[in-house]
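Below is one structure, written out as structure tokens; comments come after it.
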Amino acid sequence: MSGQKKCIIDASILLDFIEGGIFDTLFSLPFDFSTSDIVADEISRSYSLSELRALGLKILGLEAEQVLMIEALQIEHIELSPNDLSVYLLASQHRSLLISGDGPLRELADSHKVEYHGTLWLLEEMIHRKLIAPHDAARALRTMLANKRWLPRTESERLIKKWEINSPDL
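Set out below in structure tokens:
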């Protein structure tokens, strides 16, 4: 497990995969996924904390000092929620990849040299590792878009076309 890429994942990504109907497949990736306890609480309407842990998601409790750091960050970054800032802080502190689709959160990460990726990158990783067929990724992405998930429309449509073309069984 030590060779796995460490990833701190935010609610937007988890919700994308829930809406896309491929949430369980996300955890087939050979990544060490973690999130904050407040993000896990945010999505607990769809999956209980025990179900999330059973899938392989590590839920990291925030310590008092981290909560104070989040509060201080929020003064500077009012556009970001405490949940968003919690995953940024964890990614920064754990020197992990930040997995987020939130634009302002990604800008903050970029300005502090925290590497980040999003849903489309994860879908490409799933295809590359043969965890999902390209046409299934295209279907999941279409479902995400139909369910009003905030994804880059032009890039999503380009990938859907690419994945459908590269699916010999369509």
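Residues 21 to 190 (our numbering) are what the sequence shown spells out, left to right.
The beta carbon of each residue, even a glycine, is placed where N, CA and C say it ideally should be.
The model shown is predicted, which means the values in this text are computed figures rather than measured ones.
Through-space distance from Met89 to Asp104, alpha-carbon basis: One-based indexing of the sequence shown puts residue 104 at position 84. One-based indexing of the sequence shown puts residue 89 at position 69. Looking at the two C-alpha atoms, the distance is approximately 13 Å.
8 Å Cβ cutoff met for Ile28 and Leu110: Here residue 28 refers to the residue found at position 8 when the sequence shown is read from its first residue. Here residue 110 refers to the residue found at position 90 when the sequence shown is read from its first residue. Yes; because the gap between Cβ atoms is below 8 Å, this pair is in contact.
Which residues DSSP lists as bridging Ile79, in chain order: Counted from its first residue, the sequence shown places residue 79 at position 59. Note: Ile79 sits in a beta bridge opposite Thr55.
When Ser106, Pro124 and His97 are compared against Glu83, the one with the closest alpha-carbon: The count along the sequence shown starts at 1 and reaches residue 83 at position 63. Cα-wise, what sits closest to Glu83 is Ser106.
Residues that DSSP places opposite Ile28 in a beta bridge: Stepping through the sequence shown from its first residue, residue 28 is reached at position 8. DSSP, once it has assigned bridges, lists Ser54 and Leu118 as partnering Ile28.
Beta-carbon gap between Leu125 and Leu100 smaller than 8 Å: Translated into positions along the sequence shown, residue 125 becomes position 105. Translated into positions along the sequence shown, residue 100 becomes position 80. Yes, the Cβ-Cβ distance between Leu125 and Leu100 is below 8 Å.
Sequence-distant residues of its chain with Cβ nearer than 7 Å to Leu151 (five each side left out): On the sequence shown, residue 151 is found 131 positions in, with the first residue counted as 1. Hits under 7 Å: Thr45, Ser48 and Leu49.
Cβ separation of Leu117 and Lys25, assumed to be a contact under 8 Å, to the nearest whole Å: Counted from its first residue, the sequence shown places residue 117 at position 97. Counted from its first residue, the sequence shown places residue 25 at position 5. The Cβ separation is near 6 Å, so the contact holds.
Alpha carbon of Leu190 to alpha carbon of His97, nearest angstrom: Looking up residue 190 in the sequence shown gives position 170. Looking up residue 97 in the sequence shown gives position 77. Its pLDDT being 44, under 50, Leu190 is placed unreliably in this model, and the coordinates cannot settle the point.
Identity of the residue in Arg115, Ile38 and Asp52 nearest Ser64 by Cα: Numbered from its first residue, the sequence shown carries residue 64 at position 44. Nearest of Arg115, Ile38 and Asp52 to Ser64, Cα basis: Ile38.
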